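As structure tokens, the structure follows; a few thoughts come after it.
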Amino acid sequence: MTNPAQIEYNGLILLHAYLQRFYVNENTQLLLGYSSDGENLKRAKDFMDEVNLMITMFEDTKELATTQYARLVKIQEDVLETLNDYFKDDDDFRYKVALVASALYGERSMNAHIIRLGQLFDVEVGPDFEKRIPFYVERTKAMNAVVHMMRQDEALPEKMIETIELWYGGMDKQRDKVIGDAQKIKPMLSVRHGKYA
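Each residue of the sequence shown is one higher than the one before, starting from 99 at the first, in the numbering used here.
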């Protein structure tokens with residue numbers, strides 16, 4: 099049976115992955131002129147910094163203080179609210195690029211943290227996570243190049259546009275799963291803090 103600290107850590111890293119996703123989404127939208135709301139970017143960054151600090155502390159103590167738990171629940175509630183505006187029915191290519199980039203960075207973050215979970219709790223997480231590292235590095239670099247080219251008003255190769263459209267289509271089909279996974283964060287964090295206290 100999985101130990102409670104491991105479940106809580108999984109909740110922490112899942113929360114961090116969503117914050118990473120939102121941060122990259124907001125930043126990319128700003129860079130591409132799709133959005134001009136720097137406040138959402140700042141909020142995502144501030145929350146991410148808070149959760150990073152709590153992850154570091156948790157790795158030492160393997161416990162969440164009651165005040166940390168309460169704060170994490172508030173951040174998780176913000177994540178659920180933010181998801182309401184994350185997916186849109188919008189054909190603007192800038193939106194699609196931001197969404198694809200954000201998903202790749204969020205998944206890259208989660209993958210790295212799962213590897214760390216295995217080291218921290220001395221559990222086998224499987225070789226697939228290690229094998230995915232180059233996959234995420236390659237794709238996030240590609241998205242960085244796309245954003246750079248778009249900011250310079252350079253034409254993207256048709257193959258890259260097709261690839262982004264393909265990745266976007268796959269992500270768009272995952273809306274319900276992405277929202278459902280975010281709803282799992284609070285129960286994971288609540289393992290030792292009462293039934294969804």
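Even glycine gets a Cβ: it sits at the ideal position worked out from N, Cα and C. Since this is a predicted model, take the numbers as computed values, not measurements.
Closest to residue i by C-alpha separation, out of the options, would be which residue?
i           : options            : result
residue 140 : 179, 120, 279, 275 : 120
residue 183 : 276, 283, 291      : 276
residue 228 : 185, 206, 242, 220 : 206
residue 132 : 191, 164, 114      : 191
residue 128 : 263, 253, 193      : 193
residue 200 : 279, 138, 291, 122 : 122
residue 180 : 280, 291, 219, 270 : 280
residue 138 : 161, 223, 177      : 177
residue 249 : 118, 216, 130, 278 : 130
residue 186 : 292, 272, 236      : 272
residue 173 : 148, 257, 214      : 148
residue 290 : 144, 166, 158      : 166
residue 233 : 266, 210, 134      : 210
residue 118 : 263, 259, 208, 231 : 208
residue 159 : 262, 219, 254      : 219
residue 156 : 202, 143, 214, 188 : 214
Could you spell out the range, first to last residue, of the alpha helix (DSSP H) harbouring residue i?
i           : result
residue 273 : 273-280
residue 268 : 256-270
residue 112 : 102-129
Classify residue i: buried if its beta carbon has 16 or more other beta carbons within 10 angstroms, exposed otherwise.
i           : result
residue 101 : exposed
residue 125 : buried
residue 106 : buried
residue 116 : buried
residue 283 : buried
residue 244 : buried
residue 196 : buried
residue 221 : exposed
residue 242 : exposed
residue 217 : exposed
residue 204 : buried
residue 114 : buried
residue 295 : Reliability fails at residue 295, whose pLDDT of 46 lies under 50, so the model's placement of it is uncertain and the value that follows must be treated cautiously. Looking at its Cβ environment, which holds fewer than 16 other Cβ atoms inside 10 Å, residue 295 is exposed.
residue 134 : exposed
residue 99  : The predicted model places residue 99 with a pLDDT of 44, which falls under 50 and marks its position as unreliable; any figure quoted below should be read in that light. Exposed: under 16 other Cβ atoms inside 10 Å.
Can you list the alpha helix (DSSP H) stretches of 4 or more residues lying completely in the region 153-236, in chain order?
164-184, 191-219
Below 8 Å, how does it come out for the region 152-171 and the region 108-122: are there three or more Cβ pairs, yes or no?
yes
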